[in-house]
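Visitor: Residue numbers (the UniProt record's numbering): 1 to 337. Cβ coordinates follow ideal geometry from the N, Cα and C atoms, glycine included. Below are the C-alpha cells for one structure; questions will follow.
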C-alpha cells in the first residue's frame with residue numbers, strides 16, 4: 001500500500017487531524033522506518049496550543065512526533081549501514097547544512113505509520129529494550145541527561161535541585177541518582193509528582209509554596225545551597241525561586257521552555273556569588289543515545305515505569321488532552337500506529 005495514516009498539525013489554525021496521506025519514499029541517504037512507538041511530549045502540546053511555532057518548516061502542516069522507535073522498512077540509494085527489519089531509535093532532530101532541524105516540528109515526525117530519517121540520524125535499539133521505552137529516550141531521557149552531564153556538568157556528591165517532576169524532571173531525578181548527585185531535592189506543587197520523585201530517587205520532595213523551602217534546602221545542604229538547579233517547568237517563578245537557593249558559583253540550568261522573561265531580583269548578589277544561568281535544549285544524540293541505551297541494557301536504568309499508557313495513533317488528540325489535563329499526572333504517553 002502507498003497510503004498511510006498520520007497525525008498532522010495545520011499550523012495556522014493549530015488543528016490536529018488524523019489524515020490518510022501518501023507513504024513517503026526514502027531518497028538517497030535516507031531510510032523509511034515503520035513506526036512501532038512514538039512518545040507524546042509537552043512540546044507537542046505546545047505546538048498545538050500555539051506556545052511553540054516551527055521556525056524552519058517548509059509549508060504550513062507537519063506530522064508531529066519527535067520521540068520515535070521502529071523497524072527499518074526500506075533503504076534509499078547509497079545506504080549500506082542499515083538493513084530491512086533492524087530495530088532502531090530515531091534522533092529527535094537532524095543537522096542540515098549546519099542547522100539543527102527538530103523532527104515533528106521542522107519536518108515530518110513519527111505520529112504516523114511510517115516516517116523518514118536520514119541514515120545517520122538513528123541508532124540501533126537492542127532487542128532487550130521494548131519499543132515503548134526506546135521511543136522516549138531521544139527527548140524525555142536524553143534531554144535531562146544532556147542538561148545534567150554537559151550543560152550543568154554535575155559532579156558526584158554535588159547538591160542539586162529539580163523543579164518540575166513531570167516527564168523530563170522525573171527522569172532527571174533518576175539520572176542524577178545514577179551519577180551520584182547528593183542530595184537530590186525535587187520541587188513540585190503536585191503531591192503525586194512529589195511522591196513520584198521520591199520513588200525515582202529524590203532525597204527530599206518539596207512544595208514550592210512551602211514558606212520554609214529556603215530553610216529546608218539550607219539544612220539539607222549544610223548551609224551551602226545547591227550547586228546546580230534545573231528548571232523543567234519553564235515557569236518564571238520557578239527560576240526566581242531556584243536562584244534564591246543556589247550556592248556560590250551555583251548553576252541554574254533552564255530546560256523548560258517559556259517565552260516569558262527571566263528576572264534576577266538581586267543582581268548584585270548574583271554577581272558577587274559568581275552564579276550562572278545556562279540555557280539547555282536537547283542533547284548530543286550521537287553521544288547521548290548510545291550511552292543511555294547501554295545503561296538501560298545493562299540494567300543500570302529502567303524506564304518501564306515511565307510508560308503511563310499506550311494509545312493507538314487514532315487517539316493522538318485524546319493523548320494530548322490527557323497530558324494537558326494533568327489530573328492523572330502521566331509521565332509519558334505513547335502512541336502505537
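In three-state terms, what does DSSP make of residue 264?
Guide: Position 264 of the chain shown, counted from the start, is the residue given in the question as residue 264. Correct three-state label for residue 264: coil.
Visitor: Report the rounded CA-to-CA distance for residue 41 versus residue 48, giving the unit in angstroms.
Guide: Here residue 41 corresponds to residue number 41 of the chain shown, with the count starting at 1. Here residue 48 corresponds to residue number 48 of the chain shown, with the count starting at 1. Using only the alpha carbons, I get a separation of about 11 Å.
Visitor: For residue 131, name the three-state secondary structure that DSSP assigns.
Guide: Position 131 of the chain shown, counting from 1, holds the residue named residue 131. Of the three classes helix, strand and coil, the one that applies to residue 131 here is helix, per DSSP.
Visitor: Would you say the stretch 258-271 touches the stretch 111-118, given that touching needs at least three Cβ pairs under 8 Å?
Guide: No contact exists between the stretch 258-271 and the stretch 111-118.
Visitor: Among all the DSSP beta bridges, which residues are the ones paired with residue 30?
Guide: One-based indexing of the chain shown puts residue 30 at position 30. Partner(s): 118.
Visitor: Use the C-beta contact count for residue 275: other C-beta atoms within 10 angstroms, 16 or more gives buried, fewer gives exposed.
Guide: To locate residue 275, count along the chain shown from 1; it is residue 275. So residue 275 ends up on the buried side.
Visitor: Hey, how far is the Cα of residue 161 from the Cα of residue 184?
Guide: Position 161 of the chain shown holds residue 161. Position 184 of the chain shown holds residue 184. Taking the straight line from one Cα to the other gives about 6 Å.
Visitor: With residue 308 as the anchor, note down where its beta strand (DSSP E) starts and where it stops.
Guide: Taking the chain shown and counting its residues from 1, the one referred to as residue 308 is at position 308. Per DSSP, residue 308 belongs to the beta strand (DSSP E) from 307-312.
Visitor: Helix, strand or coil, according to DSSP, for residue 333 in the structure here?
Guide: Your numbering for residue 333 matches position 333 in the chain shown. Note: residue 333 maps to strand in three-state DSSP.
Visitor: Measure the CB-CB distance between residue 138 and residue 89 and report whether it falls below 8 Å.
Guide: Here residue 138 refers to the residue found at position 138 when the chain shown is read from its first residue. Here residue 89 refers to the residue found at position 89 when the chain shown is read from its first residue. Going by C-beta atoms, residue 138 is nearer than 8 Å to residue 89.
Visitor: Tell me the residue span of the alpha helix (DSSP H) that contains residue 204.
Guide: Looking up residue 204 in the chain shown gives position 204. Here residue 204 belongs to no alpha helix (DSSP H); instead the beta strand (DSSP E) covers 204-206.
Visitor: Any contact between the stretch 95-115 and the stretch 54-61? By contact I mean 3 or more CB pairs, one from each, below 8 Å.
Guide: These segments touch.
Visitor: Report the residue from 17, 305, 4 whose alpha carbon sits nearest the alpha carbon of residue 320.
Guide: The residue you call residue 320 lines up with position 320 of the chain shown. Among 17, 305, 4, the Cα nearest to that of residue 320 belongs to 17.
Visitor: Provide the residue span of the alpha helix (DSSP H) that contains residue 171, from first to last.
Guide: Counting from one through the chain shown, the residue named residue 171 turns up at place 171. Here the alpha helix (DSSP H) through residue 171 covers 169-179.
Visitor: Do residue 285 and residue 92 have their C-beta atoms within less than 8 Å of each other?
Guide: Mapped onto the chain shown, residue 285 falls at position 285. Mapped onto the chain shown, residue 92 falls at position 92. Yes, Cβ-Cβ distance for residue 285 and residue 92 is below 8 Å.
Visitor: Does the beta-carbon distance from residue 311 to residue 289 come in below 8 Å?
Guide: As a first step, residue 311 is located in the chain shown; it is residue number 311 there, counting from the start. As a first step, residue 289 is located in the chain shown; it is residue number 289 there, counting from the start. No, these two residues do not count as a Cβ contact at 8 Å.
Visitor: So, helix, strand or coil for residue 248, using DSSP?
Guide: Indexing the chain shown from 1 puts residue 248 at position 248. Residue 248 falls in the strand class under three-state DSSP.
Visitor: Helix, strand or coil for residue 10, going by three-state DSSP, please let me know.
Guide: One-based indexing of the chain shown puts residue 10 at position 10. Of the three classes helix, strand and coil, the one that applies to residue 10 here is strand, per DSSP.
Visitor: Quick check for students: name the residue ranges of the alpha helix (DSSP H) that lie wholly in the stretch 28-79, counting only runs of 4 or more.
Guide: With a minimum length of 4 residues, the continuous alpha helix (DSSP H) runs that stay inside the stretch 28-79 are 42-49.
Visitor: Whose CA, out of 27, 133, 178, lies closest to the CA of residue 78?
Guide: By 1-based counting over the chain shown, the position of residue 78 is 78. Among 27, 133, 178, the Cα nearest to that of residue 78 is on 27.
Visitor: Going by beta-carbon coordinates alone, are residue 226 and residue 235 separated by less than 8 Å?
Guide: Position 226 of the chain shown, counting from 1, holds the residue named residue 226. Position 235 of the chain shown, counting from 1, holds the residue named residue 235. No; because the gap between Cβ atoms is not below 8 Å, this pair is not in contact.
Visitor: Once the 5 residues before and after residue 309 are set aside, which same chain residues still bring their CB inside 7 Å of it?
Guide: Along the chain shown, one-based indexing puts residue 309 at 309. Excluding positions up to five away in sequence, the list reads 330, 333.
Visitor: Whole angstroms are fine: how far does the CA of residue 237 sit from the CA of residue 64?
Guide: Translated into the one-based positions of the chain shown, residue 64 becomes position 64. Translated into the one-based positions of the chain shown, residue 237 becomes position 237. Roughly 30 Å separates the two Cα atoms.
Visitor: Helix, strand or coil for residue 258? Go by DSSP, reduced to three states.
Guide: Position 258 of the chain shown, counting from 1, holds the residue named residue 258. DSSP places residue 258 in coil when its eight states are reduced to three.
Visitor: Is the beta carbon of residue 228 closer than 8 Å to that of residue 152?
Guide: Mapped onto the chain shown, residue 152 falls at position 152. Mapped onto the chain shown, residue 228 falls at position 228. Closer than 8 Å, so yes.
Visitor: Could you tell me which residues DSSP puts in a beta bridge with residue 229?
Guide: Along the chain shown, one-based indexing puts residue 229 at 229. Partner(s): 161, 252.
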